[in-house]
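Encoded as C-alpha cells, the structure appears first; notes follow it.
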Amino acid sequence: MSDAPEVSVVLPCLNEVKTVGRCVEKAMRAFEASGLRGEVVVSDNGSTDGSQDIAAKAGARVVHAARRGYGSAYLHGIAEARAPIIVMADSDDTYDLGETPRLVAKLREGYDMVLASRLRGNIMPGAMPWLHRYVGNPILTGVLNLLFGLRVSDAHTGMRAFTREAYDRLSLRTTGMEFASEMIVAAAQARLRIAETPITYYPREGESKLDTWRDGWRHLRYLLLRSPTALFIAPGAVMMSLGWLPLIALERGPLTLGGFFFDFHYMIVGSALALLGLQTLLLGLQGKGYLVARGLDRRDALIDWLQTHVTLERGLLLGLILLAIGFGVGLNIFLVWAQHNFANINELRRGLLALTLSVSGTQIMFSSLFLSLLDIQVRE
Ligand SMILES: Nc1nc2c(ncn2[C@@H]2O[C@H](COP(=O)(O)OP(=O)(O)OP(=O)(O)O)[C@@H](O)[C@H]2O)c(=O)[nH]1
Ligand SMILES: [Mg+2]
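FYI, the numbering for the sequence shown is 1 to 380, going by the numbering used here.
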C-alpha cells in the first residue's frame, strides 16, 4: 500500500507562535487515534515570531506563501497539500483539531464539503466578540444565504473539510479574509453537496488578524459583486418600470387619481427613473456576462435566454428603433413649433418622452456592443 496521505490538514499562519505547535500536535494525535494517514501543512507568510520552527518541530510541513493574506495562505497551502481530502482550520487553537476525523467521517458520508458550525455548536465565553456573534456573522451569513440560495448557519467558520476534486472545481482566487465567503459562494454555484456539523469555538491566544470593519466590508463587497442579478438587474428592472408608468400614463395630459392631481412633474421623475433603471439593468447584464465569461458564475435561465435570443445585431436594432421613435417624436415637436412660426409652445410631455426614448436607445446600443465583446473567445 502506498503511504500517500489520505488527509491534509492545512493551517494558515501569521505570527501564531503560542498556538501553532499545539494545533499541529492535536492534528497529529487525531491521525494516530483514528488510524488516518495524514499530513499537516502550515502555510506561513512571513511570521517573524518563529512560528515556522515551532510548526516544523511539531511535525508539520511548513510552506511559504509569498503573498500576504488569509486567502493567499490557503491558495498556496492547499496547492501544496497532497491528500484527496483537505481539512482547513486556523492555527490559533480556536478550533479543536482533534475533531479532524469527525469532519472526515462526515465528508465520507458522501458530501463534497463539510462546514464546522460555531453558531450551531458552542461558543466559549470570550471566543467571539458580541458584535461578531450577534451582528456581523448572522447578517453576512443571512445575506449569503439569501443571495446564493443556501441555508448555512456560519458562513465564516474557519474549520472546513472538502475533497480535492470539489476544491479544484471552485477555482478560488481571493487573497484576503473574503476567501471564506468566496469558497461558499463558489460551492453554491458549483452545486456542491454541503453538510454542517457543530463545533466548539475557543478563545484565541495571540493577536487577532481579523479587522471587524475592514474584513466585514471585504466579505459584504464580495457577496454583492458576485450577485449582479440581485444587486443590479432586478432593482434596475423595477426602477425602469416605475419610471415608464407616469411617462405613459401622463403623456396625453394630467390625471386625477383618488383625489390626487398628477401632472408632468411626475414625468420628469419618471424619465430620470427610467434612464437610471435601464442603466442599472444594463450594468447588471454586463456584470453577469463578465462573471460567466470568466467562469465565476453559473449559467442560469437568464444567461441562456440572453445567449439564445439576444445578439449584437438585435440589440443594435432595438436600440436603433427606440432612438428612431424618440427622434421621430422630437421631429414632430419641431414641426409643430415651425407651424407656430417658432413661437412659444408647450410640448414638455412629448419632449420628455422623446428624450427618454432616444437616450434609452443609445444606451442599449452601446451596451450591446460591450456585451458582445464579452462573448469573444479568449485566445490561449
Ligand atoms: N499565512 C497567513 N495567515 C494569516 C494571515 N492572516 C491571518 N492568518 C491566519 O489565518 C487564521 C485566521 O486569522 P484570525 O486572526 O484567527 O481570524 P479569525 O479567526 O477570523 O478571528 P479570531 O476569532 O480573532 O481568531 C489564523 O491562523 C491566522 O494566523 C495572513 O496574512 N497570512
Ligand atoms: Mg482565529
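The beta carbon of each residue, even a glycine, is placed where N, CA and C say it ideally should be.
Small disclaimer: the values here were computed from a predicted structure and weren't measured.
Open item on the list: So the candidates are I345, R169 and H265; which of them puts its Cα closest to the Cα of P246?
Closed with: H265
Task: Three CB pairs or more closer than 8 Å across the stretch 53-68 and the stretch 106-121 - done: no
Open item on the list: Contact defined as beta carbons within less than 8 Å: I believe R299 pairs with V310. What is the distance between those atoms, to the nearest angstrom?
Closed with: R299 to V310, Cβ: 14 Å. No contact.
Task: Residues passing the C-beta test against ligand 2 heavy atoms, cut-off 5 Å - done: D90, D92 and T94
TODO: Can you check DSSP and say which residues form a bridge with H64?
DONE: D44
Open item on the list: Would R353 and V329 qualify as a contact pair, given that the criterion is a beta-carbon distance under 8 Å?
Closed with: First, the amino acid is wrong: residue 353 is Leu here, not Arg. Yes, the pair counts as a contact, with Cβ atoms nearer than the cut-off.
TODO: Output the boundary residues of the alpha helix (DSSP H) element that contains R120.
DONE: R120 -> not in any alpha helix (DSSP H); beta strand (DSSP E) instead, spanning M113 to I123.
TODO: Quick one: grab the DSSP three-state call for Y290.
DONE: For Y290, the three-state secondary structure derived from DSSP is helix.
Open item on the list: Can you tell me whether S367 is buried or exposed? The criterion is at least 16 other CB atoms within 10 Å of its CB, across all chains shown.
Closed with: buried
- [ ] Kindly confirm or deny that the stretch 136-147 and the stretch 96-105 touch, where touching means at least three C-beta pairs closer than 8 Å.
- [x] no
TODO: Verify the contact flag: A73, CB atom, against every heavy atom of ligand 1, threshold strictly below 7 Å.
DONE: For ligand 1, at least one heavy atom lies less than 7 Å from the Cβ of A73.
- [ ] Using only the heavy atoms of ligand 1, determine whether one of them is closer than 7 Å to the beta carbon of A65.
- [x] For A65, the Cβ falls inside the 7 Å cut-off from some heavy atom of ligand 1.
Open item on the list: Counting C-beta neighbours from all protein chains within 10 Å, is the total for P228 16 or more, i.e. buried, or is it exposed?
Closed with: buried
Open item on the list: For L192, count the other beta carbons within 10 Å of its own beta carbon; 16 or more makes it buried, fewer makes it exposed. Which is it?
Closed with: buried
Task: Exposure of Y134, with buried meaning 16 or more beta-carbon neighbours within 10 Å - done: So Y134 counts as exposed.
Task: Whether R82 touches E32 by CB criterion (8 Å) - done: no
Task: Buried or exposed by the 16-neighbour rule on C-beta atoms within 10 Å, applied to Q189 - done: Counting C-beta atoms within 10 angstroms of its own C-beta, Q189 has 16 or more neighbours from the protein chains shown and is therefore classed as buried.
Task: Beta-ladder partner(s) of A195, from DSSP - done: V114
Task: Residue from R252, G259, D375 and S171 with nearest C-alpha to N346 - done: Check the Cα spacing between N346 and each of R252, G259, D375 and S171: the tightest is with R252.
- [ ] Jot down the residue ranges of each uninterrupted alpha helix (DSSP H) in the stretch 303-366, minimum 4 residues, whole runs only, in chain order.
- [x] 312-339
Task: Distance CB(T280)-CB(G236) smaller than 8 Å - done: yes
TODO: Would you kindly report the start and end of the unbroken beta strand (DSSP E) that includes L256?
DONE: Per the sequence shown, residue 256 should be read as Thr rather than Leu. Per DSSP, T256 belongs to the beta strand (DSSP E) from L255 to L257.
Open item on the list: Between the alpha carbons of Y201 and G284, how many angstroms are there, rounded?
Closed with: 39 Å
- [ ] Could you tell me how far apart the beta carbons of D87 and V9 are, in whole angstroms, since I believe they sit closer than 8 Å?
- [x] Reading off the sequence, residue 87 comes out as Val, not Asp. Yes, V87 and V9 are in contact; Cβ-Cβ is about 5 Å, under 8 Å.
Open item on the list: I want to check one thing, is the minimum distance from the CB of E16 to the heavy atoms of ligand 1 below 7 Å?
Closed with: yes
Task: Reduced DSSP category for P12 - H, G, I as helix; E, B as strand; rest coil - done: strand
TODO: Please go through the same chain and pick out, in chain order, the residues whose beta-carbon is closer than 6 Å to the beta-carbon of G319, but skip the five residues on each side of it.
DONE: G361, I364 and M365
TODO: Along the alpha helix (DSSP H) that carries M239, what are the first and last residues, could you check?
DONE: A234 to A249
Task: C-alpha distance - I123 paired with L282, whole-angstrom precision - done: 44 Å
Open item on the list: Using DSSP's beta-bridge definition, name the partner residues of E39.
Closed with: S8
Task: Sufficient close CB pairs (3 or more, under 8 Å) joining the stretch 254-262 to the stretch 213-221 - done: Short answer: they don't touch.
Task: Segment limits, beta strand (DSSP E) that includes V135 - done: V135 -> no beta strand (DSSP E), and no H or E assigned at all.
- [ ] My understanding is that A65 touches D92, with C-beta atoms under 8 Å, so please give their C-beta distance in whole angstroms.
- [x] So it is not a contact: roughly 17 Å between Cβ atoms.
Open item on the list: I need the straight-line Cα distance from G295 to D375, nearest angstrom please.
Closed with: 12 Å
Task: Cβ shell of A58 (< 6 Å), same chain only, five flanking positions each side left out - done: G21, V24 and E25
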